[in-house]
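**Student:** Following this message is one structure expressed as C-alpha cells.
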Amino acid sequence: MMRRLDMIKKKFLLFFIIIYTSSSTINTSLSEINRDIINDINKKINIAYIEILEIESSGLNIDNMVNTINIINDYNTKIQYAINNGNTDEATIYINEVEILISQINNEAAILKENILNTDYYQKLLNISISTTTTIIICYLFWTIFKIYYINRIQNMKPMVTTK
Amino acid sequence: MKLFDYKLIFIAITTLLCIPIFIPTIYEALPEVEHEKFVSLGILGKDGLAENYYPTADSIIYEDILNKWHIYIHNNFGESTQLLLKIKILEPNIDPPNISTCLPCSGFEVFEIRRVISKNQTITIPFHWMITDLNEKENSSIISEIQINNQTRILNISCENNETIRVVCELWVFDTNDNKFHFSWIDLEEKRCVWTQIQFKITSNS
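Top line first, the protein sequences correspond to chains B and W.
At position 106 of the first sequence (counting the first as 1) the number is 159 in our numbering, and the numbers step up by one without a gap.
At position 127 of the second sequence (counting the first as 1) the number is 1298 in our numbering, and the numbers step up by one without a gap.
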C-alpha cells in the first residue's frame, strides 16, 4: 500500500514538473517573440530615421516623412501596450499599419534620394556655368569699355590741325 | 602709356567684380560653423502653461482625479533628432538623475514615447494621468494602478505619509553611431543631459 502511494506521489510530482516546465517554456518563448516583434519595429524605425537624416542633409523637405515616422511611433506605443496586455489581435492590426507606413517612408526616401543625385549634380553644373558665363561677359564688357576709353584718350592727345 | 600697361589694374578690378558671383559656390564649399546643441524640456500644466499642475492650490495629487499635464520639447540640435521620452515615478528614497555624471534614475518607468523632432521645432506631448488605485494605510500609501493617456499601468509605489513622490521626465537621444538611445550627448567636448521633475503628495480624499 505504501509503495503504491509512493508511486502515485512520484508520478504526480513528475506530472507537475512536466506541466510546470512546459508552461514556463511557452511563457518564455511568447515573451521572447513579443520582444523580437518590438525590437524589429524599433530597428525599422531607426533605419527610417537615418534615411530621413540623409535626405535632410541634402536640404530637401522632410516634413511629410517626419509626420509619418511620428505616427509610427504612436502605433509603436500602442503595440507595446497591446502586447503587454495580451491583446494580440489589436497588436497585429497596428503592426500591419506600421509595416505599411515604414514602406511609405522607404519609398519616399528612395524617390527623394534619386532626385538628390540628379539635383545635386545639375545644381553644381548650373552654379559653375552661370559663374563662368557672367565672368566672361563682365570681362568682355569691361575690356570693350576700357578700349573705347583708351582710344578716345589717345585720339584726344593727337596734335590739333591749325588753320591759317 | 600703352593699353597693356593697364593690365594689372584690369585684372584687379575684374577679380573684385567677379568675387560676388562666386560667393554661392564658395559658401557651399566652406565647412559649417559649430553651434551649441541642446534640447529644452519642460512640464506644463492643464492649459499648456507653467501653472495649474494640481487640482487644488496645494501640491497634492488625488485618487481618481485626472491631471492634464503636457511635456514640452524644443529641438536645437541643428538637425532632426529622434528622442525617447521616459517618464518615471520615484519613491521618496530614490535619487533623481545625476546632472553632473548624466546617470539616469532607477524609478518605476510608467510612460515611454519616441518622437522625431525637426530642426528648431517645438512639440508638446499630452501626459494625462490619474491614480486609479491608491491603498492608504495608517502611516503609508501604496499606488497600485495608474492610468496614463487612457492606458492602465500596474505598479507598486509606496511612500509614508507626508513624504513626496516625484514624476521625473528624462530625454534620451538617439545616437546614429551605435543606433542606440543614450541619456546624454557630447556637445563642444562636454557631456550633457536633460531631465525635469515635479514633486507632490498623494491622497485618496478629494
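Just so it is clear, CB atoms sit at the ideal spot from N, CA and C, and this is done for glycine as well.
Please classify B/Asn-80 as buried or exposed, where buried requires at least 16 neighbouring CB atoms within 10 angstroms.
**Tutor:** With a pLDDT of 49 at B/Asn-80, under the threshold of 50, the predicted position of this residue should be treated as unreliable, and no value is reported.
**Student:** Going by DSSP, what residues sit across from B/Phe-199 in a beta bridge?
**Tutor:** Answer by DSSP bridge pairing: none, since B/Phe-199 is not bridged.
**Student:** What did DSSP end up calling W/Tyr-1225 once you bin it into helix, strand or coil?
**Tutor:** Looking at W/Tyr-1225 - three-state DSSP - the assignment turns out to be coil, as it is neither helix nor strand.
**Student:** Taking its Cβ as the centre, do 16 or more other Cβ atoms sit within 10 Å of W/Val-1287, making it buried, or is it exposed?
**Tutor:** Buried, by the Cβ-count rule.
**Student:** Mind checking if B/Glu-107 is an interface residue toward chain W, Cβ cutoff 8 Å exclusive?
**Tutor:** Not an interface residue.
**Student:** At which residues does the alpha helix (DSSP H) containing W/Ile-1197 begin and terminate?
**Tutor:** Its alpha helix (DSSP H) spans residues 1178–1200.
**Student:** Taking the alpha helix (DSSP H) that B/Lys-120 falls in, what are its first and last residues?
**Tutor:** First, the amino acid is wrong: residue 120 of chain B is Asn here, not Lys. 116–137 is the extent of the alpha helix (DSSP H) around B/Asn-120.
**Student:** So with CB distances below 9 Å, who are the chain W contacts of B/Ser-182?
**Tutor:** Those within 9 Å of B/Ser-182 in chain W number zero; the least Cβ separation is about 11 Å.
**Student:** Identify, in the order they occur along the chain, each residue of the same chain with its Cβ nearer than 7 Å to the Cβ of W/Glu-1331, setting aside the five sequence neighbours on each side.
**Tutor:** Closer than 7 Å at the Cβ level, and outside the excluded window around W/Glu-1331, lie Asn-1310, Ser-1311.
**Student:** Is any beta-carbon of chain B found at less than 8 Å from that of W/Arg-1337?
**Tutor:** False, the Cβ-Cβ gap to chain B never drops below 8 Å.
**Student:** Does the Cβ of B/Met-210 have 16 or more other Cβ atoms within 10 Å, making it buried, or fewer, making it exposed?
**Tutor:** The residue in question, B/Met-210, is exposed, as its Cβ has fewer than 16 Cβ neighbours within 10 Å.
**Student:** For B/Ile-190 and B/Phe-199, I'd like the C-alpha separation in whole angstroms.
**Tutor:** When rounded, the distance between both Cα atoms is 14 Å.
**Student:** Quick one: does W/Val-1287 have its CB under 8 Å from some CB of chain B?
**Tutor:** Yes, W/Val-1287 counts as interfacial toward chain B.
**Student:** Return the residues of the region 106–126 of chain B that lie within a Cβ-Cβ distance of less than 8 Å from chain W, sorted by chain order.
**Tutor:** Of all residues in the region 106–126 of chain B, Leu-106, Glu-109, Ser-110, Ile-115, Asp-116, Val-119, Ile-122, Asn-123, Asn-126 have a Cβ within less than 8 Å of some Cβ in chain W.
**Student:** What residue does the beta strand (DSSP E) around W/Pro-1297 start on, and which one ends it?
**Tutor:** Element bounds for W/Pro-1297: 1293–1307.
**Student:** State buried or exposed for B/Trp-196, treating a residue as buried only when at least 16 other CB atoms are found within 10 Å of its CB.
**Tutor:** With fewer than 16 other Cβ atoms within 10 Å, it is exposed.
**Student:** Would B/Thr-141 and W/Ile-1284 qualify as a contact pair, given that the criterion is a beta-carbon distance under 8 Å?
**Tutor:** Not in contact: B/Thr-141 and W/Ile-1284 (Cβ atoms no closer than 8 Å).
**Student:** DSSP beta-bridge partners for W/Asp-1358?
**Tutor:** According to DSSP, which records beta bridges pairwise, W/Asp-1358 is partnered with W/Glu-1361.
**Student:** Can you round the beta-carbon distance between W/Lys-1259 and W/Phe-1279 to whole angstroms, since I take them to be within the 8 Å contact cut?
**Tutor:** Yes, W/Lys-1259 and W/Phe-1279 are in contact; Cβ-Cβ is about 6 Å, under 8 Å.
**Student:** So within the region 1229–1292 of chain W, which uninterrupted beta strand (DSSP E) runs reach at least 3 residues, ignoring any that extend past its ends?
**Tutor:** If we require 3 residues or more, the beta strand (DSSP E) runs fully inside the region 1229–1292 of chain W come out as 1231–1233, 1238–1247, 1252–1261, 1279–1288.
**Student:** Just to confirm before moving on: does the CB-CB distance between W/Trp-1343 and W/Gln-1318 stay below 8 Å?
**Tutor:** No, Cβ-Cβ distance for W/Trp-1343 and W/Gln-1318 is not below 8 Å.
**Student:** Interface residues of chain B around W/Thr-1347 at Cβ under 9 Å?
**Tutor:** Under the 9 Å cutoff, chain B gives Asn-99, Tyr-102, Ile-103, Leu-106.
**Student:** Name the one or two DSSP bridge partners that B/Asp-142 has.
**Tutor:** Answer by DSSP bridge pairing: none, since B/Asp-142 is not bridged.
**Student:** Using the Cα positions of W/Ile-1214 and W/Leu-1256, report the straight-line distance between them to the nearest angstrom.
**Tutor:** Cα to Cα, W/Ile-1214 sits roughly 12 Å from W/Leu-1256.
**Student:** Output needed for W/Ser-1277: all residues of its chain with C-beta closer than 7 Å, excluding positions within five of it in sequence on either side, in chain order.
**Tutor:** Only Ile-1265 meet the Cβ criterion.
**Student:** Do you know whose CA, among W/Ser-1329, W/Glu-1316, W/Leu-1305, W/Lys-1362, lies nearest W/Asn-1376's CA?
**Tutor:** Ranking the options by Cα distance to W/Asn-1376, first place goes to W/Leu-1305.
**Student:** When burial is assigned at 16 or more other CB atoms within 10 Å of the CB, is W/Gln-1253 buried or exposed?
**Tutor:** W/Gln-1253 is buried by the Cβ-count criterion.
**Student:** Short of 8 Å in beta carbon distance, which residues of its chain neighbour W/Trp-1356, apart from the five on each side in sequence? Order them along the chain.
**Tutor:** Hits under 8 Å: Lys-1208, Val-1344, Asp-1346, Lys-1362, Arg-1363, Cys-1364.
**Student:** Does DSSP classify B/Glu-150 as helix, strand or coil?
**Tutor:** If DSSP states are grouped into helix, strand and coil, B/Glu-150 belongs with the helices.
**Student:** Using CA atoms only, rank isn't needed, just tell me which of B/Ile-100, B/Asp-127, B/Tyr-193 is closest to B/Ala-163.
**Tutor:** If we check each option's Cα against that of B/Ala-163, B/Ile-100 comes out closest.
**Student:** Please identify the residue among B/Arg-88, B/Ile-91, B/Ile-108, B/Ala-144 whose C-alpha is closest to the C-alpha of B/Leu-170.
**Tutor:** Of the candidates B/Arg-88, B/Ile-91, B/Ile-108, B/Ala-144, the one whose C-alpha sits nearest the C-alpha of B/Leu-170 is B/Ile-108.
**Student:** Establish whether the CB of W/Ile-1193 and some CB of chain B are separated by less than 8 Å.
**Tutor:** Per the sequence shown, the amino acid found at residue 1193 of chain W is Phe instead of Ile. Interface residue, yes.
**Student:** Could you tell me which of B/Ile-201, B/Asp-173, B/Ile-148 sits nearest to B/Asn-126, measuring between CA atoms?
**Tutor:** Out of B/Ile-201, B/Asp-173, B/Ile-148, B/Ile-148 has the C-alpha closest to the C-alpha of B/Asn-126.
**Student:** In the region 127–145 of chain B, which residues sit with their C-beta less than 7 Å from some C-beta in chain W, listed in chain order?
**Tutor:** So the list reads Asn-129, Thr-130, Tyr-134, given in the order they occur along the chain.
**Student:** Tell me the DSSP secondary structure of B/Ile-79 in three-state form.
**Tutor:** Bear in mind that the predicted position of B/Ile-79 carries a pLDDT of just 46, short of 50, making it too unreliable to give a figure here.
**Student:** Can you tell which of W/Cys-1340, W/Ser-1289, W/Thr-1272 has its C-alpha closest to the C-alpha of W/Asn-1246?
**Tutor:** Selected option, being the one with the closest Cα: W/Ser-1289.
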